[in-house]
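Enquirer: Residues 25 to 399 in the working numbering are what the sequence shown lists, from first letter to last.
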Amino acid sequence: MKFRDLGRQYQALKPEIDANIQDILTNSSFILGAKVQELEEKLAEYVGTNYCVTCGNGTDALILSLMLWNIGPGDAVFVPNFTYFASANCALLRGATVILVDIDPRTFNMDPNDLEKRILRVLDEGKLTPRVVIPVDLFGLPADYDAILPIAQKYNLKVLEDGAQGFGGTLHGKRACSFGDLSTTSFFPAKPLGCYGDGGAIFTDDLGTAEELKSLRAQGRSPEDKYDNRTIGLNSRLDTLQAAILLPKLKALEEYELDAVNQAAKVYTEQLQDLVTTPLIKDGFYSSWAQYTIQLPAGTDRSALQSKLKEHDIPTMIYYPRTMTQQTVFSKQYSDSHDHLVSETVVTKCLSIPIHPYLEENEILTVATNIKRCI
Ligand SMILES: *Cc1c(COP(=O)(O)O)cnc(C)c1O
């Protein structure tokens, strides 16, 4: 069994993907171009924003956003303590200070109460200016924007939604990647919408912002004259081939993949909820299930369980084995390691099990049965 079976997805979409790739080869147009523009329009339409600007990967999408807002030294950027490192790396690269926020134990997403507590602490200390909050839509589930957006507004923070894992999720019917002042996603192959290499995108409602981002992704060149560079930027583009691959994949995501992966999650939850802590999807939320992450009962030997499952051909992963505060990069800033109790507990007992839209019911039951037997 595969953890995320991209081969099955390719078999399902092969005729369209192959034809699109062949087209690109025949036309010899490899960077940006009409296909990328078509994709940007379709992505914006799907997400429900006015504009989408693609770029080289999800990390660049975050960096470009912080560049646009001129975030740098002296600025405080609030990031959940349980996420992939890129969510914080973008702010560190800009020279800003990352303030790590604890999470909700059942959704794995940023805890809004802890966010406000830490904003007040920064204001109280008076050394940094709170500028940005980066809520992450972890494992496919939108962050708690009902609570986070008013807090951001109250303290005049920009919201940068890290939707790298959240594409396809919704809150009150509104799609992920539309909640931030800027929102980003990643097309890394294993994400809910993945390409066959690297890719990323930024979403905005503002035309001027979209134009600025297009300039920043092209070394800061001026829109009028491509050999006049008005500022410094990145070189971060989406390959035309990746756009040609993403177009049919976006269609499949919308037409049936999200339904299928939610059905898989439902069966897991029915099977496992009496035995382990299953992920909680609160009312009004819909997940795109980038991961299905359970929390094991106290006393369970996680690595022994992983080995036993592996013997039955069931792959598992630990997303994530460390909190941000436990990363070496943060060891100076966060020497008091017991200030993020929820995330520090979650990393000791979380286990992600296989999930994707092409997982069959009998496979889901096999995974569930083996977990039950092994615990
Ligand atoms: C994958 C990921 C990113 C980075 O995306 P890349 O395309 O790999 O650069 C950022 N944030 C989160 C939460 C991610 O999971």
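C-beta: ideal position from N, C-alpha, C; glycine also.
So, is Leu181 buried or exposed, given that buried needs 16 or more other C-beta atoms within 10 angstroms?
Expert: Locating residue 181 in the sequence shown gives position 157, where the first residue counts as 1. Buried, because 16 or more other Cβ atoms sit within 10 Å of the Cβ of Leu181.
Enquirer: List the whole-angstrom C-beta distance separating Glu100 from Pro154, where the pair is believed to meet the contact cut-off of C-beta under 8 Å.
Expert: Looking up residue 100 in the sequence shown gives position 76. Looking up residue 154 in the sequence shown gives position 130. Before going on, a small fix: residue 100 reads as Ala here, not Glu. That pair is a contact at about 5 Å.
Enquirer: With three or more beta-carbon pairs closer than 8 Å as the criterion, would you say the segment 217–228 touches the segment 334–354?
Expert: no
Enquirer: If you reduce the DSSP assignment to three classes, tell me which class Cys114 lands in.
Expert: On the sequence shown, residue 114 is found 90 positions in, with the first residue counted as 1. Helix at Cys114.
Enquirer: Since Leu206 is in the beta strand (DSSP E), which residue starts that stretch and which ends it?
Expert: Along the sequence shown, one-based indexing puts residue 206 at 182. Its beta strand (DSSP E) spans residues Leu206 to Ser210.
Enquirer: When you compare the segment 76–95 with the segment 164–181, are there three or more beta-carbon pairs, one atom per stretch, that lie closer than 8 Å?
Expert: Because the criterion of three Cβ pairs below 8 Å is not met, the segment 76–95 and the segment 164–181 do not touch.
Enquirer: Quick one: using the 10 Å Cβ neighbour count with 16 as the cut-off for buried, is Gln61 buried or exposed?
Expert: The sequence position of residue 61 within the sequence shown is 37, counting from 1. By the neighbour-count rule (16 or more Cβ atoms within 10 Å), Gln61 is not buried but exposed.
Enquirer: Below 6 Å, is the gap between the Cβ of Ser111 and the nearest heavy atom of ligand 1?
Expert: Residue 111 sits at position 87 when you count from the first residue of the sequence shown. True, at least one ligand heavy atom lies under 6 Å from that Cβ.
Enquirer: What residue does the beta strand (DSSP E) around Tyr316 start on, and which one ends it?
Expert: For this step, residue 316 is matched to residue 292 along the sequence shown. Its beta strand (DSSP E) spans residues Tyr316 to Gln319.
Enquirer: Sorted by chain position, which residues of the same chain lie with C-beta nearer than 8 Å to Leu217's C-beta, five sequence neighbours on each side aside?
Expert: Within the sequence shown, the letter at position 193 stands for residue 217. Result list for Leu217: Phe191, Gly192, Thr209, Phe211, Leu270, Lys273, Leu274 and Leu277, in chain order.
Enquirer: Does the Cβ of Val122 have 16 or more other Cβ atoms within 10 Å, making it buried, or fewer, making it exposed?
Expert: Looking up residue 122 in the sequence shown gives position 98. Buried.
Enquirer: Hey, quick one: how far does the beta strand (DSSP E) through Lys182 stretch, first residue to last?
Expert: Mapped onto the sequence shown, residue 182 falls at position 158. Per DSSP, Lys182 belongs to the beta strand (DSSP E) from Lys182 to Asp186.
Enquirer: Can you tell me whether Gln357 is buried or exposed, with buried defined as 16 or more other CB within 10 angstroms of its CB?
Expert: For the purposes of this step, residue 357 is taken as residue 333 along the sequence shown, with counting starting at 1. Exposed is the call here.
Enquirer: Evaluate contact between the segment 92–109 and the segment 126–141, counting only Cβ atoms and requiring at least three cross-stretch pairs below 8 Å.
Expert: yes
Enquirer: With 16 as the cutoff for other CB atoms within 10 Å, does Gly257 come out buried or exposed?
Expert: For the purposes of this step, residue 257 is taken as the residue at position 233 of the sequence shown. Under this definition Gly257 is a buried residue.
Enquirer: Apply the 10 Å Cβ neighbour rule to Asn51 and answer buried if 16 or more other Cβ atoms are within range, or exposed otherwise.
Expert: As a first step, residue 51 must be located in the sequence shown, where it is residue number 27. When all chains shown are included, Asn51 counts as exposed.
Enquirer: Between Asn386, Asn113 and Pro213, which lies nearest to Gln351 when the distance is taken from Cα to Cα?
Expert: For this step, residue 351 is matched to residue 327 along the sequence shown. Checking every option, the nearest Cα to that of Gln351 belongs to Asn113.
Enquirer: Taking the straight line between their C-alpha atoms, what separation do you get for Ser111 and Thr83?
Expert: Within the sequence shown, the letter at position 87 stands for residue 111. Within the sequence shown, the letter at position 59 stands for residue 83. For Ser111 and Thr83, the distance between alpha carbons rounds to 8 Å.
Enquirer: Can you give me the C-alpha to C-alpha distance between Ser367 and Asp126, rounded to a whole angstrom?
Expert: Translated into the one-based positions of the sequence shown, residue 367 becomes position 343. Translated into the one-based positions of the sequence shown, residue 126 becomes position 102. Note on geometry: alpha-carbon atoms of Ser367 and Asp126 lie some 6 Å from one another.
Enquirer: Can you check which of these residues, Asp148, Leu265, Thr369 and Ser202, is closest to Lys59 by C-alpha distance?
Expert: Locating residue 59 in the sequence shown gives position 35, where the first residue counts as 1. Closest option to Lys59, Cα to Cα, is Leu265.
Enquirer: Which partner residues of Thr228 appear in the DSSP bridge assignment?
Expert: The sequence position of residue 228 within the sequence shown is 204, counting from 1. Answer is Tyr75, bridged to Thr228.
Enquirer: With a threshold of 16 other CB atoms inside 10 Å of the CB of His364, please say whether the residue is buried or exposed.
Expert: Your numbering for residue 364 matches position 340 in the sequence shown. When all chains shown are included, His364 counts as buried.
Enquirer: Can you tell me where the alpha helix (DSSP H) with Pro104 in it begins and where it stops?
Expert: Here residue 104 refers to the residue found at position 80 when the sequence shown is read from its first residue. Unbroken run through Pro104 is the beta strand (DSSP E), Asp99 to Pro104; no alpha helix (DSSP H).
Enquirer: Considering just the uninterrupted stretch of the beta strand (DSSP E) at Val157, what are its terminal residues?
Expert: Along the sequence shown, read from residue 1 onward, the residue named residue 157 stands at position 133. First-last of the beta strand (DSSP E) with Val157: Thr153 to Val157.
Enquirer: Return yes when the C-beta of Tyr344 is under 6 Å from any heavy atom of ligand 1, and no when it is not.
Expert: As a working mapping, residue 344 is identified with position 320 in the sequence shown. No; taking the cut-off as 6 Å, the Cβ of Tyr344 has no heavy atom of ligand 1 nearer than that.
Enquirer: What is the DSSP secondary structure of Cys374, reduced to helix, strand or coil?
Expert: On the sequence shown, residue 374 is found 350 positions in, with the first residue counted as 1. DSSP places Cys374 in strand when its eight states are reduced to three.
Enquirer: Could you check the C-alpha separation between Phe102 and Val156 for me, to the nearest Å?
Expert: Walking along the sequence shown from the start, residue 102 turns up at place 78. Walking along the sequence shown from the start, residue 156 turns up at place 132. Straight-line Cα distance between these residues: approximately 6 Å.
Enquirer: Going by Cα to Cα distance, which pick from Lys332, Arg326, Thr372 and Ile338 is closest to Thr347?
Expert: One-based indexing of the sequence shown puts residue 347 at position 323. Checking every option, the nearest Cα to that of Thr347 belongs to Thr372.
Enquirer: Looking at ligand 1, does it come within less than 6 Å of Phe212, judged from the CB to the closest heavy atom?
Expert: In the sequence shown, counting from the first residue as 1, residue 212 sits at position 188. Result yes, Cβ under 6 Å from ligand 1.
Enquirer: From the DSSP output, in three-state form, read off Phe8 for me.
Expert: Lying before the first or after the last residue shown, residue 8 is absent from the chain, which here runs from 25 to 399.
Enquirer: With a CB to CB cut of under 7 Å and the five nearest residues on each side skipped, what residues in its chain are close to Val146?
Expert: For the purposes of this step, residue 146 is taken as residue 122 along the sequence shown, with counting starting at 1. For Val146, where only same-chain residues beyond five positions count, the Cβ hits under 7 Å are Ala100, Ile123, Leu152 and Pro154.
Enquirer: Taking only the alpha-carbon atoms, compute the straight-line gap between Val353 and Tyr382 and give it to the nearest angstrom.
Expert: As a position in the sequence shown, residue 353 is number 329, starting the count at 1. As a position in the sequence shown, residue 382 is number 358, starting the count at 1. Whole-angstrom Cα-Cα distance: 38 Å.
Enquirer: Measure the alpha-carbon distance for Gly98 versus Pro39 and round it to whole angstroms.
Expert: One-based indexing of the sequence shown puts residue 98 at position 74. One-based indexing of the sequence shown puts residue 39 at position 15. Cα to Cα, the separation comes out at about 52 Å.
Enquirer: Using only the alpha-carbon positions, how far apart do Asp42 and Ile48 sit?
Expert: On the sequence shown, residue 42 is found 18 positions in, with the first residue counted as 1. On the sequence shown, residue 48 is found 24 positions in, with the first residue counted as 1. Looking at the two C-alpha atoms, the distance is approximately 10 Å.
Enquirer: Below 8 Å CB to CB, which residues in the same chain sit around Thr302 once its five sequence neighbours on both sides are set aside?
Expert: Counted from its first residue, the sequence shown places residue 302 at position 278. Once the five neighbours on either side are set aside, the close Cβ partners of Thr302 are Tyr292, Thr293, Leu296 and Ile318.
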